[in-house]
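Chemist: So in the numbering used here, spot 52 of the sequence shown is number 276, and the numbers just go up one at a time. Following this message is one structure expressed as structure tokens.
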Amino acid sequence: MTDQNKYHLALKTAFASEYAFALKSQNFHWNVEGASFPQLHTLFERIYNEVYGSIDTFAEQLRALQLYTPASLQKFSMLTIIDDENEILEQGAMVAELLADSEKMANIFKITFEMAESAGDHGLGNFLAERLDAHKKHSWMLRATLK
Ligand SMILES: [Fe+2]
Numbered sequence: 225m226t227d228q229n230k231y232h233l234a235l236k237t238a239f240a241s242e243y244a245f246a247l248k249s250q251n252f253h254w255n256v257e258g259a260s261f262p263q264l265h266t267l268f269e270r271i272y273n274e275v276y277g278s279i280d281t282f283a284e285q286l287r288a289l290q291l292y293t294p295a296s297l298q299k300f301s302m303l304t305i306i307d308d309e310n311e312i313l314e315q316g317a318m319v320a321e322l323l324a325d326s327e328k329m330a331n332i333f334k335i336t337f338e339m340a341e342s343a344g345d346h347g348l349g350n351f352l353a354e355r356l357d358a359h360k361k362h363s364w365m366l367r368a369t370l371k
């Protein structure tokens with residue numbers, strides 16, 4: 225695989241993973257139970273709103289590179305590094321899992337940022353750097369909630 229193909233696949237992987245991350249945040253927003261319900265219901269909502277708010281711009285960045293945007297559940301499941309959660313977890317386990325996933329997202333945005341910069345795609349690089357920062361912030365709030 226050429227460096228350019230690796231770069232493009234990494235971008236599609238990051239996109240599908242971001243969508244899967246948003247869906248999991250929404251899953252936890254809907255299904256969380258327990259004494260911390262009000263805080264966690266709200267925290268998960270803030271996270272999925274922030275992430276969904278970035279999705280359309282991300283998709284259009286891919287199109288600007290002349291890539292087709294993955295846009296089906298099947299494509300997302302083939303590409304994502306964020307695994308579905310099919311069980312209903314206890315509230316603390318939801319926070320811990322979403323924290324681990326947010327760290328995975330920060331890592332893939334760090335990698336794709338470096339690839340974009342190497343390719344001279346600085347506008348896209350800026351977007352990916354913003355996504356990295358957004359996930360660092362989500363990770364901080366989730367980590368602080370676990371203490
Ligand atoms: Fe809601």
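Positions of the beta carbon are idealized from the N, C-alpha and C atoms, including for glycine. No experiment lies behind these values; they were computed from the predicted model shown.
#1: What residues come near ligand 1, if near means a beta carbon less than 6 Å from any of its heavy atoms?
#2: Counting only the same chain and skipping the five closest in sequence on each side, list residues whose C-beta sits under 7 Å from that of residue 272.
#3: Measuring straight from C-alpha to C-alpha, what distance separates residue 345 and residue 336?
#4: Residue 328 and residue 240: beta carbons closer than 8 Å?
#5: Would the region 280-298 count as touching the region 260-272 if we require 3 or more Cβ pairs under 8 Å?
#6: Here's a check: name, in chain order, each residue in its chain whose Cβ is nearer than 8 Å to the Cβ of residue 289, leaving out the five neighbours to either side.
#7: Could you give the C-beta distance for residue 355 and residue 301, rounded to a whole number, given that I count them as a contact under 8 Å?
#8: What are the start and end residues of the alpha helix (DSSP H) that includes residue 298?
#9: Quick test of your reading: residue 363 and residue 323, contact by CB under 8 Å. State the CB separation rounded to the nearest angstrom.
#10: Restricting to Cα atoms, I'd like to know which of 365, 244, 286, 330 is closest to residue 357.
Modeler: Reading it off the structure:
#1: Counting every residue whose Cβ lies closer than 6 Å to a heavy atom of ligand 1, we get 253, 269.
#2: Position 48 of the sequence shown, counted from the first residue, corresponds to residue 272. Beyond the five residues adjoining it in sequence on each side, residue 272 comes within less than 7 Å, by CB distance, of 246, 249, 250, 253 in the same chain, given in chain order.
#3: Here residue 345 refers to the residue found at position 121 of the sequence shown. Here residue 336 refers to the residue found at position 112 of the sequence shown. When rounded, the distance between both Cα atoms is 11 Å.
#4: Taking the first residue of the sequence shown as 1, we reach residue 328 at position 104. Taking the first residue of the sequence shown as 1, we reach residue 240 at position 16. The answer is no: Cβ separation not under 8 Å.
#5: Pairwise C-beta distances place the region 280-298 out of contact with the region 260-272, as fewer than three of them are shorter than 8 Å.
#6: The sequence position of residue 289 within the sequence shown is 65, counting from 1. 232, 235, 345, 348, listed in sequence order.
#7: One-based indexing of the sequence shown puts residue 355 at position 131. One-based indexing of the sequence shown puts residue 301 at position 77. Not confirmed; about 21 Å, so no contact.
#8: What you label residue 298 is simply residue 74 of the sequence shown in a count that begins at 1. 297-303 is the extent of the alpha helix (DSSP H) around residue 298.
#9: Here residue 363 corresponds to residue number 139 of the sequence shown, with the count starting at 1. Here residue 323 corresponds to residue number 99 of the sequence shown, with the count starting at 1. That belief holds up - the Cβ atoms of residue 363 and residue 323 are roughly 6 Å apart, short of 8 Å.
#10: Indexing the sequence shown from 1 puts residue 357 at position 133. The shortest C-alpha separation from residue 357 is found at 330.
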